[in-house]
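Numbering (mature numbering (1 follows the signal peptide of the UniProt record, and there is no 0)), first residue to last: -21 to -1, 1 to 250. For every residue, glycine included, the Cβ atom is placed at its ideal position computed from N, Cα and C. For clarity, every value in this text was computed on a predicted model and none was experimentally measured. First up is the structure itself, then whatever we jot down about it.
Below, the structure is given as structure tokens:
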């Protein structure tokens, strides 16, 4: 009996701790982020650590690097000054919104497409990267755009993805071969099992960067722009982020960062 009471007490204390942690997180999420950032002289950004060109952990330096990271650093400097600090927390597609809601991060800059469904949960900044579905082919291919896909061509996509559904709509006569993941799809393209690979241009740019004998063609044929996600109710912070982006376009900072990561591509650049 005494043992049961002890276990019950531990259980109740655990619940109380979780509730307290939740309240603390919600408190951080609900306070004025702009004011707190100016007080602490830092902004905490949620970024991906596994997406080439956008957010990738560098093994040697043990720092995360990429387009998203540099954009976040530049925004931080615009808002807090040259001594402002940009802190980075790893997020995935599944964890990014919960971490934002709990107050673990101040903003998400992680290849996040602006959608009406997501707008119900968070607010978005102005577009900072014009993502969209595209085609990757071997250089010299006769395929120059989605219009060249017909009954004699095979397009490689990932199973269950929106890319597979979209390509069927835009190239109804083409043969679609669905693979388990991007690595398998690209391997199939290399081995000649398909004539083109399709997915988000941001992902394809990363593949092309590692494999220069392949290139993106025809531009994008869907519109999936990336924005910075911020908790609702943070109008001052959202305004500051958008103002920073505007200044970065005006003074050439944005162009410099884009050129650094995508020197031979203009597909995703926001003018």
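6 Å Cβ shell around residue i - same chain, five flanking residues per side excluded
i, result
"residue 248", "237"
"residue 132", "153, 174"
"residue 93", "103, 204, 206"
"residue 264", "Residue 264 lies beyond the residue range present for the chain, which begins at -21 and ends at 250; the question has no answer from this structure."
"residue -1", "Only weak support is given to the placement of residue -1: the predicted model assigns it a pLDDT of 45, under 50, and the value that follows is read from those uncertain coordinates. Answer for residue -1: no residue qualifies."
"residue 232", "53"
"residue 139", "none"
C-beta contact flag for residue i and residue j at 8 Å
i, j, result
"residue 89", "residue 48", "no"
"residue 80", "residue 210", "yes"
"residue 208", "residue 86", "yes"
"residue 246", "residue 199", "yes"
"residue 11", "residue 190", "no"
"residue 60", "residue 21", "no"
"residue 240", "residue 46", "yes"
"residue 107", "residue 38", "no"
"residue 115", "residue 162", "no"
Close-in-space but distant-in-sequence residues of the same chain around residue i (CB under 7 Å, 5 per side omitted)
i, result
"residue 150", "125, 128, 134"
"residue 100", "76"
"residue 147", "155"
"residue 164", "135, 136, 137, 158, 176"
"residue 36", "28, 43"
"residue 160", "137"
Presumed contact (8 Å Cβ cut-off) between residue i and residue j, rounded CB distance
i, j, result
"residue 84", "residue 23", "5 Å"
"residue 136", "residue 130", "With a Cβ gap of about 17 Å, residue 136 and residue 130 do not count as contacting."
"residue 219", "residue 13", "6 Å"
"residue 43", "residue 123", "That belief does not hold up - the Cβ atoms of residue 43 and residue 123 are roughly 36 Å apart, past 8 Å."
"residue 16", "residue 58", "7 Å"
Spatial neighbours of residue i in its chain, beta-carbon cut-off 8 Å, leaving aside the 5 residues before and after
i, result
"residue 185", "30, 31, 32, 33"
"residue 192", "117, 118"
"residue 70", "25, 26, 27, 78, 84, 87, 89"
"residue 18", "none"
"residue 41", "none"
- prompt: Fully enclosed by the segment 175 to 223, which alpha helix (DSSP H) runs are 4 residues long or longer?
  reply: List check, alpha helix (DSSP H) in window: 180 to 189.
- request: Taking 8 Å as the threshold, find out whether the segment 188 to 205 comes into contact with the segment 107 to 126 through three or more Cβ pairs.
  value: Counting Cβ pairs under 8 Å, three or more are found: they touch.
task: Tell me the start and end of each unbroken alpha helix (DSSP H) in the segment 34 to 100 that is at least 4 residues and wholly inside, in chain order.
output: Scanning the segment 34 to 100 for uninterrupted alpha helix (DSSP H) segments of 4 residues or longer gives 46 to 59, 75 to 80, 95 to 98, listed from N- to C-terminal end.
message: Using a Cβ distance threshold of 8 Å, determine whether the segment 176 to 190 contacts the segment 30 to 39, with at least three qualifying pairs required.
response: Counting Cβ pairs under 8 Å, three or more are found: they touch.
Meets three-Cβ-pair contact criterion under 8 Å: the segment 42 to 56 and the segment 222 to 237: The segment 42 to 56 is in contact with the segment 222 to 237.
- prompt: Mind pulling the alpha helix (DSSP H) runs of 4 or more residues that sit fully within the segment 114 to 152?
  reply: Listed in chain order, they are 141 to 149.
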